[in-house]
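Single-structure report; data block below.
Residue numbers (this note's numbering): 225 to 453.
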């Protein structure tokens, strides 16, 4: 049996049938939901078996290799994902030292997979991820490609977990966050991971941030609900 390659069917072109495309880069759109549904819990894809599926949204804030099968064969997960309250679109990495074309491609893949699940009846919240300033400003391209295909005036999700260590990472994250708030004007932003004041200070009036602990913090809280004494 021939193993599937990335190019044997036009980069999974069938996944974006009937999609709207945003910008000259033609990034597939995740549409604004008719009704905003808030998750009770955000659970990483690899830990999804450990929660009540009726309450949880699956998120992909972990190493890309862990959910690579979802990117290649999303059809395999349709029935399983329908058991959950919804999903946040995949968080494909946008490292600052990645070639620009790969950063753009990973934005495309996140929207592509999100669009596919959304058109198949699953509640999908767009994930927004940015890399260096080329992704969230027009310093290099005429469009802020990190934000293409994400709905405006709606609900979005971002992840800080593992992404904001050190002063430089915090600075890039804050600058990209400010750019996202200006460009997409979200009503609600889900935040998976910590919310340090060095990043979020002064932005609270721009949207409604809703904090969700990362999986490790959530487990610690459940194991020790009263905290350390």
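Ideal placement from N, C-alpha and C gives every residue a C-beta, glycine not left out. Only a predicted model underlies this, so the values are computations on that prediction, with no experimental measurement involved.
When secondary structure is reduced to three states using DSSP, residue 339 falls in the helix class. Shown here, residue 400 sits in a helix according to DSSP, grouped into three states. Within the same chain, 261, 263, 264, 277, 278, 279, 280, 281, 347 come within 8 Å of residue 309 by CB-CB distance, once the 5 residues on both sides are set aside. For the region 385-448, the continuous beta strand (DSSP E) assignments of 3+ residues that do not extend past its boundaries occur at 412-416, 432-436, in sequence order. In this structure, residue 285 lies near residue 385, with their beta-carbon atoms less than 7 Å apart. Contact fails between the region 362-380 and the region 282-302, because fewer than three Cβ pairs, one in each stretch, are under 8 Å apart. Taken in chain order, the whole beta strand (DSSP E) runs of length 3 or more contained in the region 227-315 are 265-268, 280-283, 310-312. By a beta-carbon distance limit of 8 Å, residue 381 does not contact residue 256. Their separation comes to about 14 Å.
Here residue 400 is buried. Its C-beta has 16 or more other C-beta atoms within 10 Å. Nearest C-alpha to residue 273 among 307, 339, 392, 244: 307. Of the other Cβ atoms in all chains shown, fewer than 16 fall within 10 Å of the Cβ of residue 242; this residue is therefore exposed.
Per DSSP, the unbroken alpha helix (DSSP H) holding residue 359 starts and ends at 357-360. With contacts defined by Cβ atoms closer than 7 Å, residue 353 and residue 324 do not form a contacting pair.
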